[in-house]
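Take the sequence shown: its letter number 182 is residue 182 in UniProt numbering, and every next letter is one higher.
As structure tokens, the structure follows; a few thoughts come after it.
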Amino acid sequence: MSKTFGARLRQYRQAAGLTMEELAEGSGVSARAISDMERERSLAPQRRTVQALAEALGLPEPRRSAFLAAARAGRPRVVPQVSAGYCALPRPVPDFIGRAGELARLAAVVASAEPRPGVAPVVTVSGTAGIGKTSLAVQAAHVLGAAFPDGTFFLNLRGMDAHPLTGGEALTRLLGAFGVRADQVPMHEPDRAGMYRDLLRDRRALVVLDNAVDEAQVRPLLPGPGPSLTVITSRRLLAGLEGVHRLNLAQLPAGDAAVLLRRILSDDDFVREPDAIDEVVELCGRLPLALRIAGNRLSSRPRWTLRDLTNRLIDERRRLDQLVAGDLRIAAAFGLSYEQLSSPARRLFRRLALVTGPDFDGRLAAVLVGADPDETEDYLEELVELSLLQAETDSRYRFHDLVRLFARERLTEEEPAVERDAAHRRMVDWLLDVAVVAGRWFDPEYGGTASVAGGVALNDSDTARTWLETEVDNWFPALCSAADTGRHTDVIRLAEALHWFSDRWTHWGHWHEVYGLSRAAAAALGDTRLEAVHLNYLAWAQSVIGRHRQSAASALAALDLARSADDGTQQAWALNYASAAYFRLGEFGPSVRYAQESADLFEALGDADGYLQPIAFSAVALLAAGRPADAQPFVQRALAILDDPDSQVSPQVAVMTRPLTLWRAGLVHRALGESVQAATCLREAYDLLHREGVPTMEIRVLVELSAVLSGLDDLPAAAAALDTAASLHETLGAHGPAAELRAQRAALLG
């Protein structure tokens, strides 16, 4: 039996006559980490760690290779947990046929050890709608999946939608699929792209980016060096992408198309009509999607012959000439399949065109037709059976782009405007109602009680969050629709319900639009105080996306309105947001002034939660302005309030305000030359942040703590802080920053 990595490490260290501490000094790997590896408490050392140990041990070949191989063998391969319908790989098409050359090219890219030195391979798959781009990419991912033990992922970039995913939104979803929590996702798109590349650097993962709109959308999603493979599908050639492998799909060869149709039909009677088969193939443009739809319908009609199908396809061209899809014969296949649906399924099919998001579940479908969800599921399965709908998972469905257009045409032509509008209104009402209940889970005044909204069981905050994130592409357009139709009270109700949740999902990137709508709604209602409230929300949201000058303007406008309404609370919040905006603009004078005015107002109002915010900004602004002595009373005051059991600070605010205030106190102490006190505050801040699981802030505190300890000549402790910070970076997949911190650690120890 071959030796484990831990056993080899102990054997080679002892053979070299090194203690753990000596090996730690020579390799830059902590003695504790070495001990954990030898005792096999740590089974997944990073590649750089193993290489550093091999160098320090002076291992010659073949021992070095065996050492590295033992580390790889002991490293567990965990496939990241992927949210269903989020980045999960769809099921392969059961009757996939042809494309042998394209699959062979993809396999060759994987088999090549270095497709392009230093760069992870990227393959683009392009072609017209219905040509089979997605089917090929999914088939390849399933066939080649064994070569990618770190997971296979799929993300629809929604290139043909009115609002495709932005690069930042796509990165947030991919990072989430790799296990990065929302609060760990960097604020800005370039930082998200850097984290994503770091995650892929040492992982063998296959990522399918489906339905890309253009080069600009996918550039942030391209990997750096590493063993991953990225496959991008698009109707465009994406000619602007450099250094990629390209597959441009043409129509299926006539022979493959005929085989596909025969396989779908699976009936000898049909096979005996070869001429008719060839004619159907040509009428369907040799496109897999059209062949599948037509073939499934013929199979379900036992009295039809292939000649019947051919005649119907020809006739349908006149009916569907308004469906612009490049080839009207594709639309003919859609129409033929549509006619075979039961009446309730046809009505459902038409009304699903009202859904604005890329996918939906059975409960939303049931709302559109006013039917029981269980009954509606039967009709959804009827649509799936006829290839008019795609089953993403067991509970979510989506249209093919062209089928959605066809459904929209059927809806316009077959249902009166009053019925269309009524169905749309039901959908909007349902989405707004469920979103309100889900959002209130995060509001201290409402949250904490299991409830059912619109048939959706919202039993806890995790369920509520999952629904809000999964259905965002449906409830957000519903909010926009409500705003467009003058439903001002409904707009404000949802925006208010989402206020606390928005602070937990800042990376979504559209909160400024939500609060822009709610501010406009409040103005339309003529409610000055309410407009001030939502202008304050807008100021926060603008700051989140880096629009600090706009944030300052919104906050000051809210201040004027709040003064007109004689609302002290909203005045105080407006001053607080103005202080934060000016601080981030580097204008510390106004920041300090507004923060102090805000603090005075909150104190006069007896609002302890609110008061803590501006005094924190006062401290950091004064510190940034080079006035640490003036900053110190503010952090001391904040800590005194947090320590006072009678201060009435809510638990939700205290749990994060205390460690952040301790961190700021540490910064102030350090600036005043009070290193011992600084170290004490920073250690306590780290312990509290670690308890709450906030790694991004833990890293910032540890780096500051290391600098303080270094100044106190406690180099081992300073190095340990950097080592812990580097390990946290690695857990986030940020191997570049981790390497920088380890280099600093090595330099610190000399």
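Even glycine gets a Cβ: it sits at the ideal position worked out from N, Cα and C.
Problem set entry | Alpha-carbon to alpha-carbon, A738 and G711 | 22 Å
For this session: Using alpha carbons as the reference points, say which of R529, A665, A624 lies closest to A640.
Result: A665
For this session: With DSSP as the reference, please indicate the residues paired to R32 in a beta bridge.
Result: R32 pairs with nothing; no bridge assigned.
For this session: Give every residue of the same chain whose Cβ lies closer than 6 Å to the Cβ of Y379, excluding the five residues on either side of it in the sequence, and list them in chain order.
Result: P344, A345, L348
For this session: Just the C-alpha distance for F501 and P227, rounded to the nearest angstrom, thanks.
Result: 37 Å
Exercise. Starting from N576 and walking both ways along the alpha helix (DSSP H), at which residues does that stretch end?
Worked result: 568-584
Exercise. If you measure from the CB of M160, is any heavy atom of the ligand MG nearer than 7 Å?
Worked result: This structure lacks the ligand MG, and indeed carries no ligand of any kind.
Exercise. How many angstroms separate the CA atom of D646 from the CA atom of A721?
Worked result: 35 Å
Exercise. How many Å lie between H400 and V208 at the Cα?
Worked result: 17 Å
For this session: Report buried or exposed for R39, applying the criterion of at least 16 other Cβ atoms within 10 angstroms of its Cβ.
Result: exposed
For this session: Determine the DSSP secondary structure at V452, reduced to helix, strand or coil.
Result: strand
For this session: Determine, using beta carbons only, whether D210 and A141 come nearer to each other than 8 Å.
Result: no
Exercise. Roughly how many angstroms separate the alpha carbons of G132 and L289, rounded to a whole number?
Worked result: 7 Å
For this session: Return yes when the Cβ of L261 is within less than 8 Å of the Cβ of V231, no when it is not.
Result: no
Exercise. Is the region 95-109 touching the region 179-186 in the sense that three or more CB pairs, one from each, lie closer than 8 Å?
Worked result: no
Exercise. Do you know whose CA, among H510, A88, A521, lies nearest I545's CA?
Worked result: H510
Exercise. Given 8 Å as the limit, is there contact between the region 472-487 and the region 513-523, that is, 3 or more CB pairs closer than that?
Worked result: yes
For this session: Could you pull out every residue in the same chain whose Cβ sits closer than 7 Å to the Cβ of Q542, ignoring the five residues on either side in sequence?
Result: H512, Q550, S551, S554
For this session: State buried or exposed for V369, treating a residue as buried only when at least 16 other CB atoms are found within 10 Å of its CB.
Result: buried
Exercise. Whole-angstrom Cβ separation of T152 and L206, contact assumed at under 8 Å?
Worked result: 5 Å
Exercise. Taking Cβ positions, are S337 and L283 nearer each other than 8 Å?
Worked result: no
For this session: Measure the C-alpha to C-alpha separation of T403 and F334 and round it to an integer number of angstroms.
Result: Checking the displayed sequence, the identity of residue 403 turns out to be Val instead of Thr. Those two C-alpha atoms are separated by around 7 Å.
For this session: Excluding the 5 residues preceding and the 5 following L535 in the sequence, name in chain order all residues of the same chain whose CB lies nearer than 6 Å to its CB.
Result: R519, S554, A557, A558
For this session: Look at the alpha carbon of T731 and the alpha carbon of P590, and state the distance between them as a whole number of angstroms.
Result: 39 Å
Problem set entry | Counterpart residues of V125 in DSSP-defined beta bridges | T233, L247
Exercise. Which residue's Cα is closest to the Cα of T124: A608, A371, L222, F602?
Worked result: L222
Problem set entry | V207 in three-state terms, based on DSSP | strand
Exercise. Among residues of its own chain, excluding the 5 on either side of A580, which ones have a beta-carbon nearer than 7 Å to its beta-carbon?
Worked result: S543, F617
Exercise. Under a three-way DSSP split, which group does G736 fall into?
Worked result: helix
Problem set entry | Those residues which DSSP pairs with L458 across a bridge | S451
Exercise. So, are the CB atoms of A621 and A638 less than 8 Å apart?
Worked result: no
Problem set entry | Simplified DSSP assignment, three categories, for V119 | strand
Exercise. What is the DSSP secondary structure of F602, counted as helix, strand or coil?
Worked result: helix
Exercise. R318 by DSSP, collapsed to three states: which one?
Worked result: For R318, the predicted model reports a pLDDT of 42, less than 50, meaning its position is unreliable; a value from the coordinates is still stated below. It is helical.
For this session: Return the bridge partner residues of Y397 from the DSSP annotation.
Result: F360, A391
Problem set entry | Where M187 falls, given that 16 or more other Cβ within 10 Å makes a residue buried | exposed
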